[in-house]
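Chemist:
Residue numbers (my numbering): 42 to 421.
(1) In whole angstroms, give me the CA-to-CA distance for residue 176 and residue 262.
(2) Starting from the C-beta of residue 136, find all residues in its chain whose C-beta is less than 6 Å away, skip the five residues before and the five after it, and write them out in chain order.
(3) What residue range is occupied by the uninterrupted alpha helix (DSSP H) comprising residue 410?
(4) Spatial neighbours of residue 399 within its chain, please: C-beta separation below 7 Å, excluding the five flanking residues on both sides.
(5) Taking the alpha carbon of residue 301 as the point to measure from, which residue in 337, 187, 313 has its own alpha carbon closest?
(6) For chain C, find out if any of its Cβ atoms is closer than 8 Å to the Cβ of residue 250; answer yes or no.
(7) Is residue 83 helix, strand or coil by DSSP?
(8) Would residue 249 be called buried (16 or more neighbouring beta carbons within 10 Å of its own) or exposed?
(9) So what does DSSP say about residue 284, is it helix, strand or coil?
(10) Grouping DSSP H, G and I as helix and E and B as strand, with all else coil, what is residue 172?
(11) So what does DSSP say about residue 238, is it helix, strand or coil?
(12) Taking residue 197 as the reference, give the member of 123, 260, 264 with the closest Cα.
(13) Any idea what DSSP makes of residue 165, helix, strand or coil?
(14) For residue 423 and residue 139, I'd like the C-alpha separation in whole angstroms.
(15) Which residue marks the beginning of the alpha helix (DSSP H) containing residue 107, and which one marks its end?
(16) Looking only at its own chain, which residues have a Cβ that is under 7 Å from the Cβ of residue 104, when we skip the five neighbours before and after it?
(17) Less than 7 Å between C-beta atoms, sequence neighbours within five positions excluded: which residues of the same chain meet that for residue 216?
(18) Could you check what DSSP says for residue 363 in three-state terms: helix, strand or coil?
(19) Is the beta carbon of residue 267 less than 8 Å from the beta carbon of residue 413?
(20) Work out the CA separation of residue 116 and residue 356 for me, nearest whole Å.
(21) Could you tell me which of 121, 367, 99 sits nearest to residue 340, measuring between CA atoms?
(22) Please go through the same chain and pick out, in chain order, the residues whose beta-carbon is closer than 6 Å to the beta-carbon of residue 411, but skip the five residues on each side of it.
(23) Given this structure, state the Cα-to-Cα distance separating residue 422 from residue 243, to the nearest angstrom.
(24) To the nearest angstrom, how far is the alpha carbon of residue 287 from that of residue 293?
(25) In chain order, what residues of the same chain lie with their CB nearer than 7 Å to the CB of residue 338, ignoring the 5 residues before and after it?
(26) Just curious, the beta strand (DSSP E) that residue 262 is in, first and last residue?
(27) Smallest Cα separation from residue 347: which of 180, 146, 218, 279?
(28) Roughly how many angstroms separate the alpha carbons of residue 352 and residue 276, rounded to a whole number?
(29) May I ask you to report which of helix, strand or coil DSSP gives residue 295?
(30) Roughly how many angstroms separate the alpha carbons of residue 237 and residue 168, rounded to a whole number?
(31) Within 10 angstroms of the Cβ of residue 367, are there 16 or more other Cβ atoms? Answer buried if so, exposed if not.
(32) Give the secondary structure of residue 134 by DSSP, where H, G and I count as helix, E and B as strand, and everything else as coil.
(33) For the beta strand (DSSP E) that contains residue 344, what are its first and last residues?
(34) Measuring only the C-alpha atoms, how far is residue 362 from residue 199?
(35) According to DSSP, is residue 318 part of a helix, a strand, or is it coil?
(36) Out of 387, 332, 218, which one is the CA nearest neighbour of residue 272?
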């Protein structure tokens, strides 16, 4: 089978000494910041993936932390360098459907049904192409544990509180969909979610935006743009402030209730949404303008786990492919936290630095950088 052969070849490639030498030679950001994190022996892959301290990395400002609390997301430009992004894109293209030619933008269109794949490790359908098989391989783990991202994660959740990924562990999709006909569970991974591509689909020009919240337990989601992604090209779309409205509507602080699947009782399965939540979804979609979080190569977006969001429609205004690395950061005590009743203080499990972050008014510069108007309903 072509995909299985390709996947095995990619795993061999990413674990060779040649790859590691190339990785070290082609990451100028880490070279400038004092080199790569020291790696303990391969017998302890989880510890090997935990970045070391680096005082030269820029922390999130108090204003940025307060913005994240208020609006539920934060855009940070030009974090991953071109070499890192291009390496990941190269790996992505080795899983490409045959109808796509990387060097011919005329082929950037919806994928023929004959090439669709329901394989959870390499899902292809219509304008979606999602590659999860390499989710615990070295280059993706390196990006997930990038020292700058890791420091920001610790600012949000506390020093030493981030769950480390496992090199060579179980990628998302290894167990198939969460229920028959359902999505793959992003919590069911020991690395990243994967690299997700969205292709131009001009038929979506007039399509309505429709938000959702993720049903699995986690703390912070990340979207890393691996190539330039113009407006209305499927980068990521968020409903600012919606996390504060959705958070108290769930009996558990991180999970959403699931109905088990039974072969002889097939009509009801999957996520059970409380009626107040469904009503609030309609209210948010009515009274809050979504933000199209487009950006350039290397830009990253971090977002709260209860934030209303969607991938965004790629309306085909430009012949581009939205390619993004997706992953989550979890607190090491998430399993205990998720068993508690939903705290009245939605930041109870977060870092003291984040909880203390407050500003009276956000600067026009920050509001503009976050694609929000400086005045209007989105002001705190």
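For each residue, glycine too, the CB sits at the ideal point set by N, CA and C.
Modeler: Straight from the coordinates:
(1) 15 Å
(2) 163, 172
(3) 405 to 410
(4) 107
(5) 313
(6) Here there is only one protein chain, and chain C is not present.
(7) Confidence in residue 83 is poor, its pLDDT being 37 and thus under 50, which makes the residue's placement unreliable; the coordinate value appears in the next sentence. DSSP places residue 83 in coil when its eight states are reduced to three.
(8) exposed
(9) helix
(10) strand
(11) strand
(12) 260
(13) strand
(14) One cannot answer for residue 423 here, as it falls past the ends of the chain, which runs 42 to 421.
(15) 103 to 112
(16) 400, 403, 404, 407
(17) 229
(18) strand
(19) no
(20) 22 Å
(21) 121
(22) 116
(23) The structure shown does not extend to residue 422, since the chain spans only 42 to 421, so no value can be given for it.
(24) 12 Å
(25) 123, 126, 266, 267, 268, 269
(26) 261 to 266
(27) 279
(28) 6 Å
(29) coil
(30) 11 Å
(31) buried
(32) helix
(33) 341 to 345
(34) 35 Å
(35) helix
(36) 332
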